[in-house]
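Residues -8 to 74 (the numbering used here) are what the sequence shown spells out, left to right. Cβ coordinates follow ideal geometry from the N, Cα and C atoms, glycine included. Since the model is a prediction, treat every value here as computed from it, not as a measurement. Below is one structure, written out as structure tokens; the observations come after it.
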Amino acid sequence: MTDIHGRRWSFFDKPSIFDDAGRLTPDAPYPQEVAMACEVLTAGTGPGGEEIVLISTRTPWDIASVEGQTEFQVSGEQLVPAR
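This is the structure:
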């Protein structure tokens, strides 16, 4: 995931957390683009009118980045509706 500051964050967990299509296999090329569940904590507007959203990956599956981070500022355009 890339936050609004341009920092890339990596996540490592069981494949079933990130993949419902069976793409994350031992012989797949990595990194892979995936979606993961998160909770929207706050939303606001940036100086250029863009939506900035503070999300937490702690809810619902307690996922943290490899650095241990669970809260991130992302663009509203990065979010997709839950399935």
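Neighbour-count burial assignment, residue i, 16 or more Cβ in a 10 Å radius
i	result
T(-7)	exposed
F9	buried
T48	buried
F63	buried
Pick from the options that is closest to residue i, judged by C-alpha positions
i	options	result
V65	W52, R74, T36, G13	T36
K5	A55, E30, I43	A55
E68	E42, R74, T50, D53	E42
A28	G(-3), D53, R(-1)	D53
I(-5)	G59, G39, R74	G39
Inter-residue CB distance, residue i and residue j (contact presumed, cutoff 8 angstroms)
i	j	result
S1	V71	With 8 angstroms as the limit, S1 and V71 do not qualify as a contact, their Cβ atoms being about 20 angstroms apart.
L45	T33	5 angstroms
E30	T50	4 angstroms
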